[in-house]
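The letter at position 174 of the sequence shown is residue 174 when you use the working numbering, and the numbering goes up by one with no holes.
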Amino acid sequence: RLRTEIVIEQVREISQKLALTPQYGVAQVVIVDPADAINRAACNALLKTLEEPSPGRYLWLLSADPARLPQTIRSRCQRLEFRLPPREEALAWLQTRGYTEGVAREALDAARGHPALADQWLQGDGMALRRQVASELEQLVAGKLGSVELAQRWTGDEHADLRLRHAADLALKKAADGLTDPARLNKLAAWFDAANRTRDLLRTTVRADLAVVELLLAWNAANQVQSKGTIR
């Protein structure tokens with residue numbers, strides 16, 4: 001399976017580099033992005049570096065979801081929060097990158113207002129993957145795809161985490177798009193939480209395909225009543 005996490009060997013390499021005297025200047029900066037991809041063993045190895053900082057050494061842990069970092073890590077860091085720009089500014093910036101207004105709006109909505117993430121998805125396969133995930137979830141509910149087959153497809157390459165991120169967001173969007181059945185809304189909200197927990201399981205020794213099978217079975221249960229329209 002392709003690596004989806006930051007492992008202990010990489011953290012030890014960071015610590016070793018920070019212990020060296022810089023060749024130029026007096027400071028060293030290491031950026032870990034995304035920091036929430038650090039697995040448990042690597043977090044434990046990182047604690048010593050955080051507990052015994054050297055002068056002129058700066059370790060930046062970047063995360064869109066800091067709550068996914070262990071409390072032992074967060075308690076030893078100074079938190080800096082970078083807020084999202086106003087939507088119209090983000091759209092204007094994306095258009096300067098060469099995207100049409102419609103394409104920029106779709107990507108910005110998918111990225112929940114994060115312009116850099118929207119740009120990253122547009123440059124790569126992020127938006128195409130999102131549309132594929134939406135289509136596959138609809139096929140699953142329609143009985144055209146099996147849970148086991150789809151789980152193996154979703155976990156078969158390095159995009160497993162991004163697929164689950166899109167799936168969780170699509171469930172959230174579906175819940176917000178005017179559904180009036182409280183029981184179904186609760187099921188979709190629970191599924192959103194389960195999808196994010198399954199993302200965390202990708203970084204453990206648990207078989208990812210089995211965890212995703214369980215998640216997809218729950219998606220079918222939450223969508224027994226077919227809604228009008230399609231997921232976008």
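We put the beta carbon where it would ideally sit given N, CA and C, even for glycine.
If you compare alpha carbons, which of the options is closest to residue i?
| i | options | result |
| --- | --- | --- |
| W219 | L46, V206 and R184 | R184 |
| L172 | A194, A211, G156 and D161 | A194 |
| Q123 | Q132, A134 and Y99 | Y99 |
| P55 | T21, P66 and R74 | T21 |
| D65 | D209, A208, A167 and R199 | R199 |
| F238 | A168, P182 and D181 | Outside the modelled stretch of the chain, which goes from 1 to 232, sits residue 238, for which no answer is possible. |
| L210 | Q152, D119 and D125 | Q152 |
Would you say residue i lies against chain C (beta-carbon separation less than 7 Å)?
| i | result |
| --- | --- |
| V141 | As a matter of chain content, chain C is missing from the structure shown, which is built from one protein chain. |
Taking just the CA atoms, how far does residue j sit from residue i?
| i | j | result |
| --- | --- | --- |
| L170 | G25 | 47 Å |
| L217 | L137 | 11 Å |
| L46 | V32 | 11 Å |
| R12 | A42 | 8 Å |
| V29 | V7 | 19 Å |
| E149 | L61 | 36 Å |
| K144 | K17 | 52 Å |
| T72 | L201 | 20 Å |
| N186 | H114 | 27 Å |
| W154 | R163 | 7 Å |
| S15 | L69 | 18 Å |
| P53 | L80 | 18 Å |
| A27 | A19 | 11 Å |
| A110 | V133 | 13 Å |
| P86 | A175 | 24 Å |
| R97 | H159 | 25 Å |
| Q10 | L50 | 15 Å |
| L129 | H166 | 8 Å |
| T205 | E88 | 43 Å |
| R207 | E106 | 33 Å |
| M127 | W121 | 6 Å |
| L77 | A37 | The sequence shown places Cys at residue 77, rather than the Leu named in the question. Computed Cα separation, rounded: 17 Å. |
| A35 | L117 | 16 Å |
| D161 | R57 | 31 Å |
| S135 | N44 | 40 Å |
| N196 | L108 | 20 Å |
| R232 | R131 | In this predicted model, R232 has a pLDDT of only 48, less than 50, meaning its place in the structure is not dependable; the value taken from the coordinates is given anyway. One C-alpha to the other measures close to 7 Å. |
| Q23 | D177 | 55 Å |
| K48 | L59 | 13 Å |
| A190 | D181 | 14 Å |
| F82 | D125 | 26 Å |
| D119 | S63 | 17 Å |
DSSP has residue i in a bridge; who is on the other side?
| i | result |
| --- | --- |
| V30 | L59 |
| I6 | I38 |
Going along the chain, which residues of its own chain have a beta-carbon closer than 6 Å to the beta-carbon of residue i, five neighbours each way excluded?
| i | result |
| --- | --- |
| A104 | L91, L94 and Q95 |
| S147 | V213, L216 and L217 |
| R203 | E5 and N39 |
| N223 | V141 |
| L84 | G113 |
| S227 | Confidence is the limiting factor: at S227 the pLDDT is only 46, short of 50, which leaves the residue's position unreliable and the question unanswerable from this model. |
Sorted by chain position, which residues of the same chain lie with C-beta nearer than 7 Å to residue i's C-beta, five sequence neighbours on each side aside?
| i | result |
| --- | --- |
| R74 | P66 |
| G229 | At G229, the pLDDT of 47 sits below 50, so the modelled position is not reliable and the matter cannot be decided from this model. |
| L188 | A171, K174, A175 and A222 |
Among the residues of its own chain, which have a CB less than 8 Å from the CB of residue i, if the five just before and after it don't count?
| i | result |
| --- | --- |
| E101 | L91 and Q95 |
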